[in-house]
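Protein chains in written order, with full-length UniProt numbering: chain A, 1 to 232; chain B, 1 to 232; chain C, 1 to 232; chain D, 1 to 232; chain E, 1 to 232; chain F, 1 to 232.
Backbone N, C-alpha and C fix where the C-beta goes; we use that ideal spot for every residue, glycine too.
Quick caveat, the model's predicted, so the values are computed rather than measured.
Single-structure report; data block below.
There are 6 protein chains.
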Amino acid sequence: MNILVVNPNSTESMTRKIVDSARQAASADVTITGATGTGAPASIEGHYDESMAVPALLACVQRAEDAGVDGIVVACFDDPGIGACREIATGPVLGICEAAVKAASMLATSFTVVTTLPRSVPVIEHLIHGYGLSHQCRKVRSAAIPVLALEEPESNAREKVRDEILRAIEEDHCEAVVLGCAGMADLTAWLSEETGIPVIDGVSVATRMIEALVGCGLKTSKINAYSRPNQK
Amino acid sequence: MNILVVNPNSTESMTRKIVDSARQAASADVTITGATGTGAPASIEGHYDESMAVPALLACVQRAEDAGVDGIVVACFDDPGIGACREIATGPVLGICEAAVKAASMLATSFTVVTTLPRSVPVIEHLIHGYGLSHQCRKVRSAAIPVLALEEPESNAREKVRDEILRAIEEDHCEAVVLGCAGMADLTAWLSEETGIPVIDGVSVATRMIEALVGCGLKTSKINAYSRPNQK
Amino acid sequence: MNILVVNPNSTESMTRKIVDSARQAASADVTITGATGTGAPASIEGHYDESMAVPALLACVQRAEDAGVDGIVVACFDDPGIGACREIATGPVLGICEAAVKAASMLATSFTVVTTLPRSVPVIEHLIHGYGLSHQCRKVRSAAIPVLALEEPESNAREKVRDEILRAIEEDHCEAVVLGCAGMADLTAWLSEETGIPVIDGVSVATRMIEALVGCGLKTSKINAYSRPNQK
Amino acid sequence: MNILVVNPNSTESMTRKIVDSARQAASADVTITGATGTGAPASIEGHYDESMAVPALLACVQRAEDAGVDGIVVACFDDPGIGACREIATGPVLGICEAAVKAASMLATSFTVVTTLPRSVPVIEHLIHGYGLSHQCRKVRSAAIPVLALEEPESNAREKVRDEILRAIEEDHCEAVVLGCAGMADLTAWLSEETGIPVIDGVSVATRMIEALVGCGLKTSKINAYSRPNQK
Amino acid sequence: MNILVVNPNSTESMTRKIVDSARQAASADVTITGATGTGAPASIEGHYDESMAVPALLACVQRAEDAGVDGIVVACFDDPGIGACREIATGPVLGICEAAVKAASMLATSFTVVTTLPRSVPVIEHLIHGYGLSHQCRKVRSAAIPVLALEEPESNAREKVRDEILRAIEEDHCEAVVLGCAGMADLTAWLSEETGIPVIDGVSVATRMIEALVGCGLKTSKINAYSRPNQK
Amino acid sequence: MNILVVNPNSTESMTRKIVDSARQAASADVTITGATGTGAPASIEGHYDESMAVPALLACVQRAEDAGVDGIVVACFDDPGIGACREIATGPVLGICEAAVKAASMLATSFTVVTTLPRSVPVIEHLIHGYGLSHQCRKVRSAAIPVLALEEPESNAREKVRDEILRAIEEDHCEAVVLGCAGMADLTAWLSEETGIPVIDGVSVATRMIEALVGCGLKTSKINAYSRPNQK
């Protein structure tokens, strides 16, 4: 089984981290191919970055599709361009926000999301409203760190994320925590241990859920909304 | 007052029609500038077309912003890239779906949307869910015509739209109808007359609502979600 | 274009303030006519006051309707009697709560309402639930001032409103603020400046939105719910 | 125990029918006092009639309150002025729509409402949305009869109501039916028998539910929204 | 009229307390029969206890049904097995959570629930979501006491409940409080007095509401979802 | 990896079919253990059957838990006792309704469920409301067949299911179909082929999603709602 994991921003170090997480999560017989959004913004912080990143993402998806990929993970927590990817893909496509919050809803009655910047909070709230899980989402919190701080070992970004999770447990009474940025994927194990609560990383979960869908022979519906783009 | 009206697809004849509608609706002292999504798909039929159209749309918005525009109308019923436009704009930005359904909710207790292709129905339902107006929307219907058929005088697109409105009145008991495509803007008066129900065209309504917001001195909030894109 | 702006309570000084705000917001070619709810309670603080104010409001609307008015603003944040006004009016009718929260939802992803008394909070929450915007409303707050304190220059009502807005920014992370009482209309500019956030006054916004609807040739739907009252 | 049952319209024959239903439903030791909305419209068909009926309703409630009534039923399916009544009442107050749909939700997983005129359908849908029961309401249907036709023995109003219920069972797969007009109260037993489905009349149910609340020593909350009207 | 009040857990002292409350609330001509969930867990704290308690509850209901009972109250705030009880009962069946929150919604615009253990909070939130009253529920709070502490006079359980109610009034601005455990039934009067807010006990309210439904001749719908269990 | 797949009813032939489907879907290195709800009803058709089946289900889960199982699938579309299973399980637990509708929401913008008997329709609607996916569920339909008809080769149950799917495509405009009974698991491939739409079987999907969650190292949250049952 071949799964494409796209990092829609242009930061290669983040792609490496994401692909590592996906590979660690994937079954032995799954081949994970990484891709980076060449020409996209260096990080996706808000609607503008997201919009500017989508064409490169779609190009990655089209190339993989042409090569016969079985399923696709879009590794940015804003779930950019998912509908468009689903139109051009044959197999299933998952964004990491959708995968992570749906997984959280299977493991706990409530969850809190911890993301990077405050400006992403309403974006994620809107996604969760669309996924129908607002009633299980206690809060979307920001650790007040830029996305790229997660790439700098000397920044104290991971401690900030941990502290925000601890505040979430204390104040929100959440039963699980969802990491609200693909760049946090490598912190999952450490954060689980530090906080004693299920910590859900969308990259691993989306990878395994794509495996699950492909494994069941399921593909993106080609009736109506996700049918292939119309020729003009 | 200067208002930019962008047609995010690349079909110039549609831009002309849209700008005509906006000008007819606008107050005497308002200058309407039209723009076309050069390089974008010829029509926006689904998520892929939408995603591919947004960068050109953002370029139009940025140019107008640099020239000191007061407000912006995005004239495609899928409301593409609105959040991204709001990040780079100082003044208010409105998509024609948001404007039209919110106007409809001020004139009637319920409305039906009549759009072009079936594949756009779920896209519009999702938008209306996000705008919080699902409980006032009786149905989103498709007249089963490609967008560009609206540009061909010899097609019977306008009759198909009228017939679908008549079915909506009969079957949905809706009290108003929203036209679900910018390319229908020039049919509004004729359709109102033929059907005897308020028929709402998003292009005119969005133009006048932008006037309203600008006239009140209101601008896009620059706190949090719609603040300017972060420098990396 | 002729627009009626009704203050449904019987306090004339409030009518003057409201009409001033409406005139300042209106386009040059619009004639604003004010009206006061003669015989109504001096202020509308809760359901009882609201119910007792509506017959006088409807009389004002009927008189304006007979005189050929184009559109109507009901300038009380509880949006009293809107459905009834819409039944007897030909043109569009807007309450200032509906206008303000829908405007807020066009400028920001979230807003907080600041009103006068705690007893009005659930009334406004119920309205916003009906308008479908609960998911964008961070909170409805009260500044704990009676409505008529806004008419007394020596009261520190305006400082209390400002302080409540500052608390809203700090605690609710709202991106815009809606003033929850027509009597606050004259404070809008000052409050915007003091707080650095878009502050939305329903009186101006409703006036300009009525202009927008009338300008598009749109009228209240006369099919079904808002058709003229039945003769018995 | 003393319960006031108000018919908010001015048609005395309807009051008699309503009071009869309430008395039949009430426990032996309960005194039912009827009241008619003198000066109100002859029937309540839409928002305007409703608004014009409320002041007389409030006067009835105030008189009963002064006489020490224990609880109050407002016998019109549009639930007019309930919030205002609750402000001036000490005991509990119920509208027949609220009582009936909440009762229906205790007896069946879904229900359909059958009302008189099409124009009342959106009014009732809005009420049910506010009561949070839209997900259990299959449909609000109109039997297309004016309210006062229910007072004319020679009209075939009752047959029309029965036929609409039969259509509801067939098409909506509802498990119970709610009668959407106080004037249908006397048809309940006959309709149950003819249709074989639980048929719920709001007048009886509201009367007995008021008994229930009073019997438990419960009164309208006087904290916040339903506290007594402010003195100006 | 004969009403069965079942305590689905196996603690007899709790049954006595519950039956006392039901009898105190019931009308003079109503016979209350108590029953205990023999073999069930000693208290219902979470989903597992609830599931293990239901078969004994259903046996109690079946026995009462065979004896011709008129209506049934299930006296546990998790509303266990209500759908199953409704399938085997002819008369109406109410859980005390459903009864209490629907009563609260008739007396106040908002309420807070105070329950025993934190683990019950999400269970109750889920119930209220299903009953459609999330928008009126300010918060579900736990007093952090095991259910059986309510049976021990020397525990300070009642003071903890009172203190939690006082916090709810202060922090949630709720207008009524619902007691979130059948074991709190005997504290109702004392808590109302101590806190000055309507305090709603589900046992009394459910008993009187069952009386109300039976008094109106209403029974559980036998069409579809609540029809008798299928013979295999 | 060891996964338990429980058929909560007592029909062994159904267990065999379910285990076959799970094994076919599972990865090579996964051991599927089947279990049957000994003593439970022969099929689960409604709330009563469901409640009576849960204790045996919990016993199966406890035995597997004691034997160190990694994850659990509850193979009945009513998702019986899931919360209780989650309390006693260490690993993740999924019902096939939750798994299937969440999978459907990843592959299509809308889906219809086709189940066996009409009485199960409201049960499933209620589940989907709780999972937050009502806005993506076009309809829950019944093929009007008893569950056990699916076990009789000579019944034309499979043709009835196919025909209902074809009606769903035609009338609901759904983009995917979810099979609403574990007993339909073996029809999936045939139904997909016959109807040309993604047909989703909860047994396979739940099995692979449990694999996914276990593969990511995720377990049921033991904070709060799903913590182990309290010792009394």
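Interface partners of Lys219/A on chain F, CB under 9 Å: Walking along the first sequence from the start, residue 219/A turns up at place 219. In chain order: Leu107, Pro198.
Sequence-distant residues of the same chain with beta carbon closer than 6 Å to Ala206/D, five excluded per side: The count along the fourth sequence starts at 1 and reaches residue 206/D at position 206. Hits under 6 Å: Val73, Leu94, Ile96, Ala99.
Residue-chain proximity (Glu98/C, chain B), Cβ-Cβ < 8 Å: The residue you call residue 98/C lines up with position 98 of the third sequence. Chain B, which has a Cβ nearer than 8 Å to the Cβ of Glu98/C, makes this yes.
Alpha carbon of Asp20/F to alpha carbon of Pro122/D, nearest angstrom: Residue numbering aside, residue 20/F sits at position 20 when the sixth sequence is read from its first letter. Residue numbering aside, residue 122/D sits at position 122 when the fourth sequence is read from its first letter. Between Asp20/F and Pro122/D, the C-alpha separation is close to 51 Å.
Chain E contacts made by the stretch 135-158 of chain D, where a contact means CB separation under 8 Å: His135, Gln136
Pro92/F: contacting residues in chain A (beta-carbon distance under 8 Å): As a first step, residue 92/F is located in the sixth sequence; it is residue number 92 there, counting from the start. Result: Met106, Leu107.
Beta-carbon proximity of Ala176/D to Ser221/E, cut-off 8 Å: Position 176 of the fourth sequence, counted from the start, is the residue given in the question as residue 176/D. Position 221 of the fifth sequence, counted from the start, is the residue given in the question as residue 221/E. It is a contact, given that the beta carbons lie within the stated cut-off.
Residue range of the unbroken beta strand (DSSP E) whose run includes Gly130/C: Start at 1 with the first residue of the third sequence, and residue 130/C comes out as number 130. Segment 120-131 is the alpha helix (DSSP H) holding Gly130/C; no beta strand (DSSP E) there.
Beta carbon of Ala212/E nearer than 8 Å to that of Met14/D: Here residue 212/E corresponds to residue number 212 of the fifth sequence, with the count starting at 1. Here residue 14/D corresponds to residue number 14 of the fourth sequence, with the count starting at 1. It is not a contact, given that the beta carbons lie outside the stated cut-off.
Interface residues of chain E facing Pro122/C [CB-CB closer than 8 Å]: Residue numbering aside, residue 122/C sits at position 122 when the third sequence is read from its first letter. Under the 8 Å cutoff, chain E gives Thr109, Ser110, Glu175.
For Cys181/D and Asp201/D, the rounded distance between their alpha carbons: Taking the fourth sequence and counting its residues from 1, one reaches residue 201/D at position 201. Taking the fourth sequence and counting its residues from 1, one reaches residue 181/D at position 181. About 8 Å.
Anticipated Cβ contact below 8 Å, residue 258/C with Ala59/C, distance rounded: This structure cannot settle anything about residue 258/C, because the visible part of chain C is limited to 1 through 232.
Selected residue, minimal CA-CA separation from Leu117/E, among Asp79/E, Pro146/E, Glu170/E, Val140/E: Residue mapping note: residue 117/E aligns to position 117 of the fifth sequence, counting from 1. Here the closest residue by C-alpha is Pro146/E.
Beta-carbon contacts of Arg158/D that lie in its chain and below 6 Å, excluding the five residues immediately before and after: As a first step, residue 158/D is located in the fourth sequence; it is residue number 158 there, counting from the start. The answer, listed in chain order, is Leu187.
Bridge partner(s) assigned by DSSP for Val54/B: On the second sequence, residue 54/B is found 54 positions in, with the first residue counted as 1. According to DSSP, Val54/B bridges with nothing at all.
Cys137/B in three-state terms, based on DSSP: Start at 1 with the first residue of the second sequence, and residue 137/B comes out as number 137. Residue state, collapsed to three classes: strand.
Of the residues Asn2/E, Ser105/E, Met106/E, Val101/E, the one placed nearest Thr115/E, counting alpha carbons only: Locating residue 115/E in the fifth sequence gives position 115, counting from the first residue. If we check each option's Cα against that of Thr115/E, Val101/E comes out closest.
Interface residues of chain E facing Met184/D [CB-CB closer than 9 Å]: Position 184 of the fourth sequence, counting from 1, holds the residue named residue 184/D. Within 9 Å Cβ-Cβ: nothing; Met184/D doesn't reach chain E, min ~14 Å.
Range covered by the beta strand (DSSP E) that runs through Leu4/D: Taking the fourth sequence and counting its residues from 1, one reaches residue 4/D at position 4. Per DSSP, Leu4/D belongs to the beta strand (DSSP E) from 2-7.
Inter-residue CB distance, Ile88/F and Val61/F (contact presumed, cutoff 8 Å): Within the sixth sequence, residue 88/F is the residue found at index 88, counting from 1. Within the sixth sequence, residue 61/F is the residue found at index 61, counting from 1. Going by Cβ atoms, the distance from Ile88/F to Val61/F rounds to 6 Å, so yes, they are a contact pair.
Nearest-angstrom beta carbon gap, Ala25/F and Gly215/A [assumed within contact, 8 Å]: The count along the first sequence starts at 1 and reaches residue 215/A at position 215. The count along the sixth sequence starts at 1 and reaches residue 25/F at position 25. So it is a contact: roughly 6 Å between Cβ atoms.
From Asn156/C, Glu154/C, Glu152/C, Cys137/C, residue whose alpha carbon lies closest to that of Ile169/C: By 1-based counting over the third sequence, the position of residue 169/C is 169. Residue Cys137/C is the option with its Cα nearest to Ile169/C.
Proximity test, Cβ basis, 8 Å: Val54/C and chain D: On the third sequence, position 54 is the one that residue 54/C refers to. Yes, because at least one Cβ of chain D sits closer than 8 Å to the Cβ of Val54/C.
Opening and closing residue of the beta strand (DSSP E) in which Ile165/F lies: Start at 1 with the first residue of the sixth sequence, and residue 165/F comes out as number 165. From DSSP, Ile165/F is part of no beta strand (DSSP E) but of the alpha helix (DSSP H) over 157-172.
Supposed contact pair Ala53/F and Leu4/F - C-beta distance, whole angstroms, cut 8 Å: Here residue 4/F corresponds to residue number 4 of the sixth sequence, with the count starting at 1. Here residue 53/F corresponds to residue number 53 of the sixth sequence, with the count starting at 1. Not a contact, Cβ separation roughly 16 Å.
Interface partners of Ser204/A on chain F, CB under 7 Å: Counted from its first residue, the first sequence places residue 204/A at position 204. Within 7 Å Cβ-Cβ: Cys216.
For Val214/A, three-class secondary structure by DSSP: In the first sequence, the residue the question calls residue 214/A occupies position 214. Correct three-state label for Val214/A: helix.
In chain order, each alpha helix (DSSP H) run of at least 4 residues that lies wholly inside the stretch 73-122 of chain B: 82-88, 96-107
Residue range of the unbroken alpha helix (DSSP H) whose run includes Asp20/D: Locating residue 20/D in the fourth sequence gives position 20, where the first residue counts as 1. 12-25 is the span of the alpha helix (DSSP H), which, as asked, contains Asp20/D.
Min CB distance Tyr131/C to chain D below 8 Å: Your numbering for residue 131/C matches position 131 in the third sequence. No, no contact with chain D.
Closest residue to Phe77/D among Leu133/D, Asn7/D, Asp66/D (Cα-Cα distance): Taking the fourth sequence and counting its residues from 1, the one referred to as residue 77/D is at position 77. Among Leu133/D, Asn7/D, Asp66/D, the Cα nearest to that of Phe77/D is on Asn7/D.
Per-residue burial, Ala28/B [other beta carbons within 10 Å of its own, 16 or more giving buried]: Your numbering for residue 28/B matches position 28 in the second sequence. It counts as exposed.
Contacts around Ala149/D, its chain only, beta-carbon distance under 6 Å, and the 5 residues preceding and following it disregarded: Within the fourth sequence, the letter at position 149 stands for residue 149/D. The answer, listed in chain order, is Ser155, Ala157.
Assigned secondary structure, Ala64/B (DSSP; H/G/I helix, E/B strand, else coil): The residue given as residue 64/B occupies position 64 in the second sequence. Helix at Ala64/B.
Where Gly183/D falls: helix, strand or coil (DSSP): Looking up residue 183/D in the fourth sequence gives position 183. Here Gly183/D sits in helix by DSSP.
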